[in-house]
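Asker: One structure is given below, represented as structure tokens, and several questions about it will come after.
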Amino acid sequence: MTKYTDQGKQDTRSGYGAGMTELGRTNPNVVALCADLVGSLKIDTFIEENPERFFQVGIAEANMMGIAAGLTIGGKIPFASTFANFATGRVYDQIRQSIAYSDKNVKICASHSGLTLGEDGATHQILEDIGLMKMLPGMTVINTCDYNQTKAATLAIAEHHGPVYLRFGRPKVANFTPVDQKFEIGKALMLNEGTDVTILATGHLVWQALMAAESLENQGISAEVIDIHTIKPLDSKAILDSAKKTGCVVTAEEHNYLGGLGESVARVLASHHPTPQEFVATQDTFGESGTPEQLMEKYGLNNKAIEEAVLKVLKRK
Amino acid sequence: MPNTQELQDLVIQVRRDILRMVHKVNSGHPGGSLGCTEFFVALYNEIMDLKDGFDMDGIGEDLFFLSNGHISPVFYSVLARKGYFPIEELNTFRLINSRLQGHPTTHEGLPGVRVASGSLGQGMSVAIGAALAKKLNGDDHLVFSLHGDGELQEGQNWEAIMYAAGNKVDNLIATVDRNGQQIDGATKDVLPLGDVGEKFKVFGWDVLEIEDGNDLEQVIAGLNEAKSRTGKGKPVCIIMKTEMGNGVDFMMHTHAWHGKAPSDEQLATALEQNPETLGDY
């Protein structure tokens, strides 16, 4: 059914690194900051080629966000990157006052989001960051699904004026979107047209949604799969068009059901076209140590969980 | 030297502005504002190299960042009287639909402000970023910042202080308003700061002191000395001793006027001690 196939497993953070390499060569205003996690963020090539445009701040994320805000004064486009937990919750007030409220053109780029960083456990597995960031007025929030999309998004946000939160992850996952797929901020990506149910997925759950749709097709269920890479601003039109067509919705994300994509979708549906919805997300819990696959299984964030949610929501139509 | 009398007149007029702004809305922070009046007047009218008009990037001019945003009255008065926006707009301080928010912000488009401040401890990091941008742009102008002493209790400052020294951000002059007071009392009682100048020194900064930050000539001399020490591989810190509430006898020697407005009678007394010089707004 799907025209999308796995071109080979790659980590989304390497997509960020590749995007930064390209920006280093093409946009002289782009500067990078990192808080002692250069290797994990895959920005070694950017640093090697543009040492004067890289700022190692050490283990001091609050200072990093403030320096990034200051660098915009003078026309720089700072990409401040670290793990998602330290890029959001740890520095919320710095982002709120010095970046968001101050209208600064800072790109906060966060790897190791969600459960899939794995063995490090709950201290590092943030499942609240989408909520934290989407509540900030003026903040754009993006969660990419694969290597190609993360690279494309990295390039796209450099062209967008305003603060952005770009969320990606650690593990190697299917790379399935075309290398030349245009990334449009705020424009949902239709991956599979269907008629019985709408699956709205973001981040690592997008590939899982496609796998679920394939299995559902074998059961005679036609699932529409839409990649909501931009959680804010949300593509309400794409969501409503699909919900009106199929009459039921499943949202899927590697995030708490409180504050995540699902709640944003529910708001749109409740306001314009009340529709049965099921939420594939963590259930207001912290994570724990384990392999990414074990964790996604245990916390109900894989293709099987999406399939079950679809069967459940179909009965509510 | 500048025409010191003109600047002294401006100091008095700014003090009147501060008192009247805070009195009108019965809120705001007069104490620290009055204590830093000489600093702001000197900085904007004698020390900084400024372009006409305002643009956010500020390339080709010196920049200033106020970290302790609660002393917005002195900042607004000095900006207005420098010509960044109409002096009459001081009438709108803290009112609904005003560009003069309780704490400074870029969000309402007020010329002269380049970052929001109020939640304490964030300004030095931003100033460092702006100083780094100047270096990248080949712009040899300076970045100034002002910090409350109590504000140094926020840990982010020490991340910034460590960074600036370690990375030789030597186009930055950070001034600490060492008035020894904060909302709950004297800094030595709330959370002792110790020898602030020594702390900056051991972190690797070039440190100088302004013994009396309410003596205009001393402030000008200190800021000029600080400028002469830039470009030498170290960020420069000024420990500036001031008197919170300076210029109004009953507001001095106490932390009581940190965030309290004067009554009608108190305002009258305070204004008598600072007779009009350049014209009230």
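Residue numbers (full-length UniProt numbering), protein chains in the order written: chain A, 1 to 317; chain B, 1 to 281.
Just so you know, even glycine gets a beta-carbon here, dropped at the ideal spot from N, CA and C.
For residue 252(A), collect the residues of the same chain with a Cβ closer than 6 Å to its Cβ; drop the 5 residues on either side in sequence, then sort them by chain order.
Answerer: Counting only Cβ-Cβ distances below 6 Å, and skipping sequence neighbours, we find 201, 205, 209, 280, 306.
Asker: Does the count of Cβ pairs from the stretch 189-207 of chain B and the stretch 233-241 of chain B closer than 8 Å reach three?
Answerer: With a cut-off of 8 Å on Cβ pairs, the stretch 189-207 of chain B is in contact with the stretch 233-241 of chain B, counting three or more such pairs.
Asker: Measuring alpha carbon to alpha carbon, tell me which residue in 199(B), 228(B), 181(B), 48(B) is nearest residue 251(B).
Answerer: 181(B)
Asker: Quick one: is residue 267(B) near chain A, going by C-beta distance under 8 Å?
Answerer: no
Asker: Between which two residues does the alpha helix (DSSP H) holding residue 218(B) run?
Answerer: 216-228
Asker: Can you give me the C-alpha to C-alpha distance between residue 190(A) and residue 272(A), rounded to a whole angstrom?
Answerer: 21 Å
Asker: On a CA-only basis, which of 102(B), 91(B), 6(B), 245(B) is nearest residue 42(B)? Give me that one, please.
Answerer: 6(B)
Asker: Anyone know if the C-beta pair for residue 107(B) and residue 101(A) falls short of 8 Å?
Answerer: yes
Asker: Could you tell me the distance, in whole angstroms, from the CA atom of residue 155(B) to the CA atom of residue 255(A)?
Answerer: 30 Å
Asker: Measure the C-alpha to C-alpha separation of residue 203(A) and residue 60(A) and round it to an integer number of angstroms.
Answerer: 27 Å
Asker: I'd like to check one pair, residue 246(A) with residue 196(A): are the Cβ atoms closer than 8 Å?
Answerer: Going by beta carbons, residue 196(A) and residue 246(A) fall inside the 8 Å limit.
Asker: Could you list the residues in the stretch 59-77 of chain A with a C-beta less than 7 Å from some C-beta on chain B, going in chain order?
Answerer: 60, 62, 63, 66, 67, 68, 69, 70, 71, 73, 74, 75, 76
Asker: How many Å lie between residue 249(B) and residue 264(B) at the Cα?
Answerer: 16 Å
Asker: So the beta strand (DSSP E) residue 78(A) belongs to, where does it begin and stop?
Answerer: 77-83
Asker: For residue 101(A), return the contacting residues in chain B, with the cut-off set at a CB-CB distance below 7 Å.
Answerer: 105, 107, 116
Asker: Report the residue ranges of all beta strand (DSSP E) runs contained in full by the stretch 83-164 of chain A; include only those spanning at least 3 residues, in chain order.
Answerer: 107-111, 140-143
Asker: Determine the chain A residues that contact residue 59(B) at a beta-carbon separation under 8 Å, and present them in chain order.
Answerer: 74, 75
Asker: Do you know offhand how far residue 189(B)'s Cα is from residue 183(B)'s?
Answerer: Taking the straight line from one Cα to the other gives about 11 Å.
Asker: For residue 1(B), which of helix, strand or coil comes out of DSSP?
Answerer: Unreliable placement is indicated for residue 1(B), whose pLDDT of 47 sits below 50; no coordinate value is reported for it.
Asker: If the cut is a Cβ gap below 7 Å, which residues of chain A does residue 128(B) touch?
Answerer: Correct list: 67, 70.
Asker: Taking 8 Å as the CB-CB cut-off, is residue 134(B) touching chain A?
Answerer: yes
Asker: Nearest by alpha-carbon distance to residue 279(B): which of 20(B), 202(B), 203(B) is it?
Answerer: Out of 20(B), 202(B), 203(B), the CA that lies nearest to the CA of residue 279(B) is found in 20(B).
Asker: Helix, strand or coil: how does DSSP classify residue 168(A) here?
Answerer: For residue 168(A), the three-state secondary structure derived from DSSP is coil.
Asker: At which residue ranges does the stretch 236-269 of chain B contain complete alpha helix (DSSP H) runs of 4 or more residues, listed in the order of the chain?
Answerer: none
Asker: Drop a sphere of 10 angstroms on the beta-carbon of residue 1(B), count the other beta-carbons inside from all chains shown, and report buried for 16 or more, exposed for fewer.
Answerer: With a pLDDT of only 47 at residue 1(B), under 50, the local geometry of the prediction cannot be trusted, and no value is derived from it.
Asker: 8 Å is my cut-off, CB to CB: does residue 163(B) come that close to chain A?
Answerer: The beta-carbon of residue 163(B) is placed less than 8 Å from the nearest beta-carbon of chain A.
Asker: Using only the alpha-carbon positions, how far apart do residue 316(A) and residue 186(A) sit?
Answerer: 29 Å
Asker: Taking the runs of the alpha helix (DSSP H) that are 4 residues or longer, which of them lie wholly in the stretch 99-142 of chain B?
Answerer: Scanning the stretch 99-142 of chain B for uninterrupted alpha helix (DSSP H) segments of 4 residues or longer gives 123-136, listed from N- to C-terminal end.
Asker: Can you tell which of 269(A), 85(A), 214(A), 124(A) has the C-alpha that lies nearest to the C-alpha of residue 109(A)?
Answerer: 85(A)
Asker: Beta carbon of residue 319(A), beta carbon of residue 146(A): below 8 Å?
Answerer: Residue 319(A) cannot be examined here, being either before or after the span of chain A that is shown, 1 to 317.
Asker: Roughly how many angstroms lie between the CA atoms of residue 261(B) and residue 267(B), to the nearest whole one?
Answerer: 9 Å
Asker: Of all the options 277(A), 120(A), 235(A), 17(A), which has the alpha carbon lying nearest to the alpha carbon of residue 47(A)?
Answerer: Considering only alpha carbons, the answer is 17(A).
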